[in-house]
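As given, the protein sequences belong to chains H and D, one line each in that order.
If you're matching positions, the first sequence starts at 277 in the numbering used here and goes up one per residue.
If you're matching positions, the second sequence starts at 277 in the numbering used here and goes up one per residue.
To start, the structure under review is shown below, and the notes come after it.
2 protein chains.
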Amino acid sequence: MHPTLLERLQQQRGYRLTAQRRVVAQVLEGENLHLTADEVLSQAEAMLPEISRATVYSTLQQFVDMGQLLELSLDGRSRRYDPNIDPPHHHLICTECDGVFDVAHNVAAPDAGDGLEIESAQIIYRGRCTDCA
Amino acid sequence: MHPTLLERLQQQRGYRLTAQRRVVAQVLEGENLHLTADEVLSQAEAMLPEISRATVYSTLQQFVDMGQLLELSLDGRSRRYDPNIDPPHHHLICTECDGVFDVAHNVAAPDAGDGLEIESAQIIYRGRCTDCA
DNA sequence: CCGTGGTTTGGACTTTGTCCAAAGTCGGAC
DNA sequence: GTCCGACTTTGGACAAAGTCCAAACCACGG
Numbered sequence: 277m278h279p280t281l282l283e284r285l286q287q288q289r290g291y292r293l294t295a296q297r298r299v300v301a302q303v304l305e306g307e308n309l310h311l312t313a314d315e316v317l318s319q320a321e322a323m324l325p326e327i328s329r330a331t332v333y334s335t336l337q338q339f340v341d342m343g344q345l346l347e348l349s350l351d352g353r354s355r356r357y358d359p360n361i362d363p364p365h366h367h368l369i370c371t372e373c374d375g376v377f378d379v380a381h382n383v384a385a386p387d388a389g390d391g392l393e394i395e396s397a398q399i400i401y402r403g404r405c406t407d408c409a
Numbered sequence: 277m278h279p280t281l282l283e284r285l286q287q288q289r290g291y292r293l294t295a296q297r298r299v300v301a302q303v304l305e306g307e308n309l310h311l312t313a314d315e316v317l318s319q320a321e322a323m324l325p326e327i328s329r330a331t332v333y334s335t336l337q338q339f340v341d342m343g344q345l346l347e348l349s350l351d352g353r354s355r356r357y358d359p360n361i362d363p364p365h366h367h368l369i370c371t372e373c374d375g376v377f378d379v380a381h382n383v384a385a386p387d388a389g390d391g392l393e394i395e396s397a398q399i400i401y402r403g404r405c406t407d408c409a
């Protein structure tokens, strides 16, 4: 099994793993979990009532900047966060239940030619998930 | 050349092509244009000052529902609209200038297996555009 | 010319995210 | 053990983006 987000954070040096950061990391953990920042906030409040919105937002941003958390823009309305960075994968949005599902990364990131410098490619599929199909 | 958004809308039956809808369509038209709803609103106001925000938002949504306009979720904050639906293509976000660029669709939409029913695949590349690279 | 249904309007409202100054907390130096 | 400085958190105000709704408007068929 791959190390969890929390375990990966514990390896980071020069970085205080405060109670707030631990709670945010714990809330995010899980297979096929793609929470919004506000969902993270409410679940974090259940574990640590005095945590503030600003902390959750900035902590999420830090995890993303550290490369330990994936930020997804799926609906143009909110951002979702995926703690599973390894192995790389893509996402399916079910047109029926609106759920977000991990999809195996079984395709080489296609090059786009034309002198562009591609750093990463993210694929968003739309269709029906296994439950709805 | 492919028909423009406005030309395609004129073909639609059972649909009133009002002044407001025509203005929205005209504003969107263009190569490599990826406007946000508020950008569409300000440009539409220049042509038709009494147009309202609600109309622009609902008109954009209608065009998307008709399949005549592509909605992009690139930054989790706002939505952008692309009138060029044919030929299909993908998008690059330049990490340097933050611009959005069309990228040729030169890759077969990969299947994702596992009994999923894929309807469409959208690829978002991150990297540097030809100007910045 | 009237009624009907689709369309637009303005404005209030919600959601999501950002910013900032003040307060709190941790770890190392001494 | 205590103190200092740097890092972290907090609450609240603010901003941006989008939604909702009742009333007004308008176009067309009858």
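Yeah, the Cβ is synthetic: ideal placement off N, Cα and C, and Gly gets one too.
Predicted, not measured: the structure shown is a model, and the values here were computed from it.
Taking a cut-off of 8 Å for Cβ pairs, the segment 365–379 of chain D and the segment 393–400 of chain D touch, as three or more such pairs fall below it.
As a beta-bridge residue in DSSP terms, residue 378/H pairs with 367/H. Residue pairing of residue 398/H in beta bridges, as defined by DSSP: 400/D. Using a C-beta cut-off of 8 Å, the segment 318–327 of chain H makes no contact with the segment 303–322 of chain D, since fewer than three inter-stretch Cβ pairs fall below that distance. Taking a C-beta cut-off of 7 Å against chain H, the contacting residues of the segment 352–367 of chain D are 352, 354, 355, listed in chain order. Residue-level contact check: residue 406/D touches chain H, since one or more beta carbons of chain H fall below 8 Å from its beta carbon. Taking the beta carbon of residue 330/H as reference, no residue of chain D falls within 8 Å; the closest one sits roughly 17 Å away.
With at least 16 other beta carbons inside 10 angstroms of its own, residue 359/D counts as buried. Contact between residue 346/H and residue 357/H holds, with the beta-carbon distance rounding to 7 Å and staying under 8 Å. Partner residues in the beta bridge of residue 348/H, as assigned by DSSP, are 356/H. By the neighbour-count criterion, in which 16 or more other beta carbons inside 10 Å mark a residue as buried, residue 329/H falls on the exposed side.
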